[in-house]
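Peer 1: Okay, here's the structure, questions in a sec.
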Amino acid sequence: MKRPLATVALLYVSGVLLGEFLPLQLPGLFAFSVALALTSLVWAAGRGYLLCLLVALAGWTNMATRTAVLSPFDLRRLTGANIEYITLSGTLCETPGQRVYEHRGQESWHTLARLDVDALQRGTNWQPAFGRVAVTTPGVLGTRFFGGQTVEVTGVIRPPNGPSAEGLFDYRTYLRRQGIHHQLQVESTNDWRVVLTAASPAGPPLADRFRDWAQATLQRGLPDEDESSRLLWAMALGWTTALTGEVSEPFMRTGTMHIFAISGLHIALIAGILVALLRVVQIPRSVCGWLVIPLIWFYTAATGWQPSAIRSTLMMSVIIVGWALKRPSDLLNSLAAAGFIILLWDPQQLFQAGFQLSFFVVLSIALLLPPIEKILKHLFQTDPLLPPELRPRWRRWLDGPIHVVTASFATSLAACLGSLPLIAYYFHLITPVSLFANLVIVPLSSLALMSNLGSLLCGGWWPGLGELFNHSGWLWMEAMIRLSEWFAALPGAYFYVKAPAWPGFVLYYTLLFGMLTGWLFAPRRRIVSAVALSLLGAAGLLLWNHHRNDTRITVLALGGGDSIYADAPGRGNDLLIDCGNESAAQFVVKPFLRGQGVNRLPQLLLTHGDLRHVGGATNIADTFAVSNVLISSVRFRSSAYGRATETLGSSPRRLRQVNRGDPFGNWTVLHPEAQDRFPEADDNAIVLRGEFHGVRVLLCSDLGRPGQRALLERESDLRAEVVVCGVPARGEPLGDALLDAVQPQVIIVSASEVPAQERASKELRERLERRGIPVFYTSDDGAVTITLRPKSWDVRSMRGKRFSSAGT
């Protein structure tokens, strides 16, 4: 059989998928597996089919084993979804790492750790416990905490937070794929304590000692630690602390972020250097392979056993074994073998972004590189009947560089095509410039990595040469930083998109691999392929036409303040209403808009002068090139509002005042009037009513009781199917008189637990509950999305609560 391991890997993957989407009890899976194995022993004729089923069942069982609750002391049994203040005792999986967040030039440090728990304490009572917990602590832990130590940590344990809105990072799922179902939030580093036992390690693990030595070696001869030095540590040693959002953004936008993962590029380069050195000293090929494999695994261990490094090293080990044994190389078979071994070790890897990107990129290179190279070779082919000596000398000199450039371009194109939908799904990015940026930055990264390796190899016995290598590496990294910024600044270099759905993945990869490899155009499949593609295209057009007139209004869950995004048909009608304070705008609103595929925002409306509503306005306006900023004529005492309107008004015709009765798009301003001057800023907030497909949506912002009375006096018809409100600083939103006039079918209250004045009070909840109307609270339900279609509408929250106009 050709490529037998590919068949085995596919069968095993199918079993893992069944284990994810169709979980069964472990006793039944084990019993069925044993029955299949025994049957295959006695039924020779059907043994092949039974073994295929057995491989799939192995994946299914392995997945069930990793996700089932097996221990009576499992934290999922002991704490469940409760939020408790407890003390945990356990072993640090690795040395705690640091993350730094930069905002306005200020750095905020946090420590992240993973703890294998063996006991927990409630009050004064200890009890056995089992499970892995993610621990977050503000500040930096001291060097006395390292991997393998037994520690006691006190904090608040809770399930990790899921995404607060569509398109935001799902931290809960990210941790679940690592076997972590709880998060411990620690108040300070003083809540950590080392517990010395007989099994406690005497010192930090090898990876820590190697990293400290390597950082000092790579810094020797250079001036003070700077961005380039830290990025060199990230690239060579996997030191992720250096990769802050601000630093990594240009590399993300140019599709070159992969150079900082200990991945195939690093392992292949190291293996190539080692093989070349060993072959120079006449080491036989068979011996050479067995010497290189332990050395690359040592590098993987020294850099902290990062998942990407393990995947790449395993893949390279499979290839080197085949090379050392002088077996014919088959990249697809080697890829399948590596994938099968990794998933056998941890089936949850299948659902992680790093695994999918790594294997799809290599798969794309294996399948797409030959046809792409064939096309490029045809484009640059010279006259085959012309003798080489008759060709111009300059043309012959260019043959080598042209071959190198076209080969690099073909590899970059294959990798970009293979990773495109995955990058769009996980990072909401499409980076056309990456095709060209990788042609320049990847070779520079190889030079920088070679310089680092040279420094590490000779820095201990020839410091002078090591310093030269360090200066060389710093130069290449500085060039990479400047080039990534230049590429990212090019027009059309990148743009944000909404995550594609799974049918889009299937269609894309079917067309990509089928067309470039010629599989779809085989004579026996040509007609069937044409019919199938036509039907798929027609179905896609019908689906797009069905949803193209939909309007989606999302009420975001912020830590105080409001932000509402209305995505109407046509980008010119989209509207963002308020944007929260600076922190909310940076970490919630901006990622949310990018996750919706927003690159430019036509309209931003600021309802009133409240820091928690408009503090991030200039950030949002600059990031998304806002065309029009809408405000009322009312003057507010808020300094944040004044600064925002002054800055935004500096651009000609950007700032526009709207007052009661002014329409724009599908919206009409109902409050305030130009001459209104209520004492409280909340009572001067802009109130909007939108009408979409005959359905009315009323947005009341933080309107207090005086503002509500004015609205009732001025408007005779306030009826709306959905009403959205915030929590005013004084009084309650949505008084009974206003609710009687609006007669809503659904109420959405934008509230938060902190600060206290933004909390939905018990009295408000009880009063709204007596109305018998479905009420959504963003503090409880997360972001709430209203979807308005030509014949129906519905409301749903991120926590699963739903309401439909159809009554289902």
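The sequence shown lines up with residues 0 to 807 when you count with numbering that gives the first Met the number 0.
Just so you know, even glycine gets a beta-carbon here, dropped at the ideal spot from N, CA and C.
1. Could you name the residues of the same chain whose beta carbon sits closer than 6 Å to that of residue 223, not counting the 5 residues immediately before and after it, in chain order?
2. Let me know the secondary structure DSSP gives residue 381 once reduced to three states.
3. Closest by CA to residue 650, which one among 640, 632, 621?
4. Assign residue 325 to one of three DSSP states: helix, strand, or coil.
5. Buried or exposed: residue 187, going by 16 or more other Cβ atoms within 10 Å of its Cβ?
6. For residue 156 versus residue 132, is the C-beta spacing smaller than 9 Å?
7. Beta carbon of residue 514: closer than 8 Å to some heavy atom of the ligand MG?
8. Once you ignore the five residues that flank residue 629 on each side, which residues in its own chain have a CB closer than 6 Å to its CB?
9. Given that a residue counts as buried once 16 or more other Cβ atoms are within 10 Å of its Cβ, and exposed if not, what is residue 295?
10. Going by the DSSP bridge assignment, what does residue 109 pair with across the sheet?
11. Helix, strand or coil: how does DSSP classify residue 684 here?
12. For residue 493 and residue 390, I'd like the C-alpha separation in whole angstroms.
13. Check residue 493 in the structure and name its three-state DSSP category.
14. Per DSSP, what kind of secondary structure is residue 632 in: helix, strand or coil?
15. Tell me the DSSP bridge mates of residue 125?
16. Which same chain residues, not among the five before or five after residue 36, have their C-beta less than 7 Å away from its C-beta?
17. Which of the three DSSP states, helix, strand or coil, is assigned to residue 168?
18. Going by beta carbon distance, what residues of the same chain come within less than 7 Å of residue 85, once the five residues before and after it are set aside?
19. Could you say which of 593, 69, 204 lies nearest to residue 93 if we only look at CA atoms?
20. For residue 648, I'd like the list of residues in its chain whose CB is within less than 6 Å of its CB, leaving aside the five on either flank, ordered along the chain.
21. With DSSP run on the structure shown, which of helix, strand or coil describes residue 361?
22. Do residue 639 and residue 671 have their C-beta atoms within less than 9 Å of each other?
23. Please check the pair residue 334 and residue 358, which I expect to be a contact at CB under 8 Å, by giving their CB distance rounded to whole angstroms.
24. Nearest-angstrom Cα distance between residue 475 and residue 443?
25. Is the beta carbon of residue 785 less than 9 Å from the beta carbon of residue 570?
26. Taking C-beta to C-beta, are residue 772 and residue 794 nearer than 9 Å?
27. With 16 other CB atoms within 10 Å as the buried threshold, where does residue 20 fall?
28. In this structure, how does DSSP classify residue 188 when only helix, strand and coil are distinguished?
29. Given a cut-off of 9 Å, decide if residue 606 and residue 700 are closer than it, judged by their beta-carbon atoms.
30. For residue 314 versus residue 266, is the C-beta distance shorter than 9 Å?
31. Just the C-alpha distance for residue 137 and residue 207, rounded to the nearest angstrom, thanks.
32. With 9 Å set as the bound, which would you pick, yes or no: does the beta-carbon of residue 257 sit closer than that to a beta-carbon of chain B?
33. With respect to the beta strand (DSSP E) encompassing residue 724, which residues constitute its N-terminal and C-terminal limits?
34. Tell me whether residue 750 is buried or exposed, calling it buried when 16 or more other Cβ atoms sit within 10 Å of its Cβ.
35. Here's the rule: buried if 16 or more other CB atoms are within 10 angstroms of the residue's CB, otherwise exposed. What is residue 327?
36. Would you report the Cα separation of residue 596 and residue 770, rounded to the nearest angstrom?
Peer 2: A quick look at the data gives this:
1. none
2. coil
3. 621
4. coil
5. exposed
6. yes
7. No copy of the ligand MG appears in this structure; indeed no ligand is present at all.
8. 604, 655, 657
9. buried
10. 98, 137
11. coil
12. 41 Å
13. coil
14. coil
15. 120
16. 53
17. coil
18. 119, 120, 121, 156
19. 204
20. 654
21. helix
22. no
23. 7 Å
24. 6 Å
25. no
26. no
27. exposed
28. helix
29. yes
30. yes
31. 21 Å
32. Among the protein chains of the structure shown there is no chain B, as only one such chain exists.
33. 721 to 724
34. buried
35. exposed
36. 38 Å
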